[in-house]
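Engineer: The sequence shown lines up with residues 19 to 637 when you count with the numbering used here.
Ideal Cβ positions, reconstructed from N, Cα and C, are used throughout, including at glycine.
Just so you know, these numbers come straight off a predicted model, no measurement behind them.
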Amino acid sequence: MCHDIKHGMISRLKRPIAFLRKIKIQKRMMLFFLLVSILPLCIVAAYSFFSSYVDIKEKIGFYSYQITGQAAGNIDLILNNIEDISDRIVNSDVVQSDFRNAYELDELERFKIDDELIHSLSGYMNQKFPLDGISLLNSNGFYRIHVGNKLVSSSKYGSSSLYRNTLLHNEKPLWTAPYLKEIPSTSVSAPKSLVVYSKNIKGRWDGNIIGVLAISINPQAFSQVFESLEFWQGGTIGIINAEGGYIYCNDESLMGERIKDDQLIQQINTFTQEESNQYFDYNLNNTKTLISCKKLQNTDWTVISMIPYSNLMSKTNNILVFTLVIIFLFILISIYVSWIVSNSISYPLNKLMSAVKKVEKGNFDIQVDESGEDEMTYLNVRYKQAIDEMDHLINELYKSRIAQQETQIKALKAQINPHFLYNTLETINSIAKIKKVDEITKIVQGLSSMFRYSMKSGVEMVTLGDEIENVRNYLSIMKVRFDDKLDFKISVDPSLYGYKMYKLILQPIVENAIHHGIEMKKGKGTIRIQAVLEKNDLFITVSDDGVGMDGETLRRLNERLKQKDTFIEEKKKGGIGIMNVNARLALYYKNNYQFVMDSALSVGTNVRIVIPAELLEED
19 MCHDIKHGMI SRLKRPIAFL RKIKIQKRMM LFFLLVSILP LCIVAAYSFF
69 SSYVDIKEKI GFYSYQITGQ AAGNIDLILN NIEDISDRIV NSDVVQSDFR
119 NAYELDELER FKIDDELIHS LSGYMNQKFP LDGISLLNSN GFYRIHVGNK
169 LVSSSKYGSS SLYRNTLLHN EKPLWTAPYL KEIPSTSVSA PKSLVVYSKN
219 IKGRWDGNII GVLAISINPQ AFSQVFESLE FWQGGTIGII NAEGGYIYCN
269 DESLMGERIK DDQLIQQINT FTQEESNQYF DYNLNNTKTL ISCKKLQNTD
319 WTVISMIPYS NLMSKTNNIL VFTLVIIFLF ILISIYVSWI VSNSISYPLN
369 KLMSAVKKVE KGNFDIQVDE SGEDEMTYLN VRYKQAIDEM DHLINELYKS
419 RIAQQETQIK ALKAQINPHF LYNTLETINS IAKIKKVDEI TKIVQGLSSM
469 FRYSMKSGVE MVTLGDEIEN VRNYLSIMKV RFDDKLDFKI SVDPSLYGYK
519 MYKLILQPIV ENAIHHGIEM KKGKGTIRIQ AVLEKNDLFI TVSDDGVGMD
569 GETLRRLNER LKQKDTFIEE KKKGGIGIMN VNARLALYYK NNYQFVMDSA
619 LSVGTNVRIV IPAELLEED
């Protein structure tokens, strides 16, 4: 069962893979790149947006509460200042001593008291407090005085609701707001409503009520508090009483009006009783609204701010638009980059495929894209190198076979009737022995050994010892020929005799040294042969102290030696020559050898051969 499940899973995986294999690599790479780049971006963008939305919502809510609390604190300061002013007024000497009995005085004395009271009250009006008017009314309701705007008609002051309500609040001052003036306004600039602070005036000595003090404040005096705050455009902030009536509002159309949603008023009154709460959401007029409120200290008023979420989250909407624009631009950039990247891979790959098709047809002259430093460039270059190397090897193999055939032909020519030559040499050797001519015997024996060495059929690799022995036989013959004019020294450690080398390498070099160096020299000449082992290479040197050659001749000769595949037959001289030696070394050792000549006029010539040190394995 497990096997069936595994097989089913593999089959399902093969289907999309098989489908993708039908699509070209460039399109697959573009699709993969777009999915890998765009999908994570969309996920991150969505997460960032919603995280930002929640974070901004929380910060805005807390910020609105801070603004509300700051406004409430400033309003409390204003109201406390009003209370301080009222305390100073009711406790002043002119009010405590003269005001209580003013109604009993004659007109002249009352005028004097009026002047003192007006002067005292005007002093408070001239201060920087936002006062609209100050009124004093004695306990009988007959004597009254005021500065600033009137609150009620002089004839109705004693019967006014303001006077009666204040007397009812014997122990506690009364804040009345909004207070609608009970007299028609005579000023165009007069406010629609006022804030009135009223309290009973009690005698300093007996504590009896001697009158009523009323201080009116223009609600616009609170505007300085709210204007100094940074508030959202389209939001509403102001002061309401316990009944939901607006004492002040930044929206002038709501001044003196009442919040029409009774449930909201109830929730505000309940909310302000809980100190831990700061703000709440409310569906006001079918609009989700953030509401923050803070109750004032000495009144039942509340500072309230109401901001629709549509205004609050405008920044978030801007973030959303910005995010969408960035995603769109990134998609365009991703498409462009994916096309460039995929094309940078597919283009050299297509060029490589085209080259492969040419090679399949036998055309080795191919061109590939070698611009760049990436893996595809490396693959193209290596492929071209491999093809060039293959073409070179084919040509080398062809040339090698041609050279081998020529060598075989030469060998066959050289082996014409060898038995006849051997028998002839033996006859000459026998006659020389009978005649007791030692020089002839030595030459014939040396020549016979050289013939046997060179005529070994099918043997191309010999030991260094065999090659040295062959050269020694040759030099022995040349020694007889040139007598005292030629001398030779062979300095090779017998421990090196077992290392293998190509046959008939040293003898042509020695022959060249005799004919072109020693033979042309006046006086005696010496041939030196040395061999040393250094690391993994065998160094063989053939030197002479003959006539040498000039620099230009040496340069041309070395240039010809660099043409390792060139056979110089030297037919006129009848010898194989050093060029043929160099070519045969190149044929066997490829580039893993050195053949260097060094010479100077009247000094001599050195030939150095460096080949890998390999022991000859015996069959």
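Which runs of the alpha helix (DSSP H) fall wholly inside the segment 259 to 298 and span at least 4 residues, in chain order?
Structural biologist: Taking only runs of at least 4 residues, the alpha helix (DSSP H) segments lying wholly in the segment 259 to 298 are 280 to 289.
Engineer: State the start and end residues of the unbroken beta strand (DSSP E) segment that holds Val214.
Structural biologist: Locating residue 214 in the sequence shown gives position 196, where the first residue counts as 1. Counting along the chain, the beta strand (DSSP E) containing Val214 begins and ends at 212 to 220.
Engineer: Determine the direct distance from the alpha carbon of Thr320 to that of Tyr142, and round the result to whole angstroms.
Structural biologist: As a working mapping, residue 142 is identified with position 124 in the sequence shown. As a working mapping, residue 320 is identified with position 302 in the sequence shown. Going by the C-alpha atoms only, they are around 27 Å apart.
Engineer: Over what stretch of residues does the alpha helix (DSSP H) that includes Ile527 continue unbroken?
Structural biologist: Position 509 of the sequence shown, counted from the start, is the residue given in the question as residue 527. Start and end: 524 to 531.
Engineer: Measure the C-alpha to C-alpha separation of Gly263 and Gly274 and round it to an integer number of angstroms.
Structural biologist: Here the question's residue 263 lines up with position 245 in the sequence shown. Here the question's residue 274 lines up with position 256 in the sequence shown. Going from the Cα of Gly263 to the Cα of Gly274 covers about 7 Å.
Engineer: Please report the straight-line C-alpha distance between Gly326 and Asn304, rounded to a whole angstrom.
Structural biologist: As a first step, residue 326 is located in the sequence shown; it is residue number 308 there, counting from the start. As a first step, residue 304 is located in the sequence shown; it is residue number 286 there, counting from the start. Looking at the sequence provided, one finds Pro at residue 326 rather than Gly. Each residue's Cα considered, the two are about 10 Å apart.
Engineer: DSSP three-state call for Ser509: helix, strand or coil?
Structural biologist: Within the sequence shown, numbered from 1, the residue matching residue 509 stands at position 491. The answer is strand: DSSP assigns Ser509 an E or B state.
Engineer: Counting only runs that start and end within the segment 540 to 586, where is the alpha helix (DSSP H) found for 4 or more residues in a row?
Structural biologist: Complete alpha helix (DSSP H) runs here, min 4: 569 to 580.
Engineer: Among the candidates Gly516, Glu414, Ile351, whose CA atom is the shortest distance from the CA of Tyr607?
Structural biologist: By 1-based counting over the sequence shown, the position of residue 607 is 589. Closest by alpha carbon: Glu414.
Engineer: If you run the structure through DSSP and keep just helix, strand and coil, what is Pro58?
Structural biologist: Your numbering for residue 58 matches position 40 in the sequence shown. Here Pro58 sits in helix by DSSP.
Engineer: CB Ile227 to CB Val213, shorter than 8 Å?
Structural biologist: To locate residue 227, count along the sequence shown from 1; it is residue 209. To locate residue 213, count along the sequence shown from 1; it is residue 195. No.
Engineer: Let me check understanding here. Comparing Cα to Cα, which of Glu552, Thr559, Ile536 lies closest to Val565?
Structural biologist: Taking the first residue of the sequence shown as 1, we reach residue 565 at position 547. Of the candidates Glu552, Thr559, Ile536, the one whose C-alpha sits nearest the C-alpha of Val565 is Ile536.
Engineer: By DSSP, does His137 sit in helix, in strand, or in coil?
Structural biologist: As a working mapping, residue 137 is identified with position 119 in the sequence shown. The answer is helix: DSSP assigns His137 an H, G or I state.
Engineer: With DSSP collapsed to three states, give me the class of Met538.
Structural biologist: Translated into positions along the sequence shown, residue 538 becomes position 520. In the structure shown, Met538 sits in coil (DSSP, three-state: anything other than H, G, I, E or B).
Engineer: Exposed or buried, Phe68, counting other C-beta atoms within 10 Å across all chains shown (16 or more means buried)?
Structural biologist: Within the sequence shown, the letter at position 50 stands for residue 68. The residue in question, Phe68, is exposed, as its Cβ has fewer than 16 Cβ neighbours within 10 Å.
Engineer: Going by alpha carbons, who is nearest to His534 out of Gln403, Gly622, Tyr297, Tyr215?
Structural biologist: Numbered from its first residue, the sequence shown carries residue 534 at position 516. Ranking the options by Cα distance to His534, first place goes to Gly622.
Engineer: Take Met371 as the anchor and find which of Leu397, Asn600, Ser328 has the nearest alpha-carbon.
Structural biologist: Taking the first residue of the sequence shown as 1, we reach residue 371 at position 353. Nearest C-alpha to Met371: Leu397.
Engineer: Can you tell me whether Asp318 is helix, strand or coil according to DSSP?
Structural biologist: Within the sequence shown, residue 318 is the residue found at index 300, counting from 1. Of the three classes helix, strand and coil, the one that applies to Asp318 here is coil, per DSSP.
Engineer: Kindly list the residues whose CB is nearer than 7 Å to the CB of Ser173, restricted to its own chain and excluding five residues on each side of it in sequence; keep chain order.
Structural biologist: Against the sequence shown, residue 173 aligns to sequence position 155. There are no such residues.
Engineer: I think Leu603 touches Ile523, with their Cβ atoms under 8 Å apart; what is that distance to the nearest whole Å?
Structural biologist: Position 585 of the sequence shown, counted from the first residue, corresponds to residue 603. Position 505 of the sequence shown, counted from the first residue, corresponds to residue 523. That belief holds up - the Cβ atoms of Leu603 and Ile523 are roughly 7 Å apart, short of 8 Å.
Engineer: Give the single residue among Asp563, Arg222, Val339, Glu529 whose Cα lies nearest to the Cα of Lys539.
Structural biologist: As a first step, residue 539 is located in the sequence shown; it is residue number 521 there, counting from the start. Per the Cα distances, Asp563.
Engineer: Buried or exposed: Leu308, going by 16 or more other Cβ atoms within 10 Å of its Cβ?
Structural biologist: Along the sequence shown, one-based indexing puts residue 308 at 290. Per the 10 Å Cβ criterion, buried.
Engineer: Taking 8 Å as the threshold (C-beta atoms), are Tyr520 and Thr481 in contact?
Structural biologist: By 1-based counting over the sequence shown, the position of residue 481 is 463. By 1-based counting over the sequence shown, the position of residue 520 is 502. Cβ distance not < 8 Å, so Thr481 and Tyr520 don't count as in contact.
Engineer: Do three or more CB pairs link the segment 344 to 355 to the segment 104 to 115 at distances below 8 Å?
Structural biologist: Not touching, per the Cβ criterion.
Engineer: List the endpoints of the continuous beta strand (DSSP E) containing Ala195.
Structural biologist: Residue mapping note: residue 195 aligns to position 177 of the sequence shown, counting from 1. Residues 192 to 197.
Engineer: Nearest by alpha-carbon distance to Ile61: which of Leu342, Ile163, Lys542, Arg106 is it?
Structural biologist: Numbered from its first residue, the sequence shown carries residue 61 at position 43. The residue with the shortest Cα to Cα distance from Ile61 is Leu342.
Engineer: Please report how far the alpha carbon of Trp193 lies from the alpha carbon of Leu126, in whole angstroms.
Structural biologist: Position 175 of the sequence shown holds residue 193. Position 108 of the sequence shown holds residue 126. Roughly 35 Å separates the two Cα atoms.
Engineer: Among Ile345, Lys217, Val170, Leu231, which has the Cα closest to the Cα of Leu155?
Structural biologist: Locating residue 155 in the sequence shown gives position 137, counting from the first residue. Checked all of Ile345, Lys217, Val170, Leu231; the closest Cα to Leu155 is Leu231.
Engineer: May I have the straight-line CA-CA distance separating Asp502 from Ile547, to the nearest angstrom?
Structural biologist: By 1-based counting over the sequence shown, the position of residue 502 is 484. By 1-based counting over the sequence shown, the position of residue 547 is 529. The alpha-carbon atoms of Asp502 and Ile547 are separated by roughly 19 Å.
Engineer: Which residues mark the beginning and the end of the alpha helix (DSSP H) in which Val621 is found?
Structural biologist: As a working mapping, residue 621 is identified with position 603 in the sequence shown. Where Val621 is concerned, there is no enclosing alpha helix (DSSP H), given that its DSSP letter is neither H nor E.
Engineer: Leu272: which of Pro630, Pro196, Ala89 sits nearest, CA to CA?
Structural biologist: Within the sequence shown, the letter at position 254 stands for residue 272. The candidate whose alpha carbon is nearest that of Leu272 is Pro196.
Engineer: So is Pro526 buried or exposed if we call it buried at 16+ other beta carbons inside 10 Å?
Structural biologist: Locating residue 526 in the sequence shown gives position 508, where the first residue counts as 1. It is buried - the Cβ of Pro526 has at least 16 other Cβ atoms within 10 Å.
Engineer: Tell me, to the nearest whole angstrom, how far the beta carbon of Val489 is from that of Val528; I am working on the premise that it is less than 8 Å.
Structural biologist: Within the sequence shown, numbered from 1, the residue matching residue 489 stands at position 471. Within the sequence shown, numbered from 1, the residue matching residue 528 stands at position 510. Indeed, because the Cβ distance is near 6 Å, the residues count as touching under 8 Å.
Engineer: So, is Glu485 buried or exposed, given that buried needs 16 or more other C-beta atoms within 10 angstroms?
Structural biologist: Residue numbering aside, residue 485 sits at position 467 when the sequence shown is read from its first letter. Buried, by the Cβ-count rule.
Engineer: Just to confirm the assignment, what range does the alpha helix (DSSP H) spanning Lys497 have?
Structural biologist: Residue 497 sits at position 479 when you count from the first residue of the sequence shown. Residues 482 to 500.
Engineer: Nearest CA to the CA of Asn259: which residue from Ser104, Val599, Leu314?
Structural biologist: Within the sequence shown, the letter at position 241 stands for residue 259. Ranking Ser104, Val599, Leu314 by Cα distance to Asn259 puts Leu314 first.
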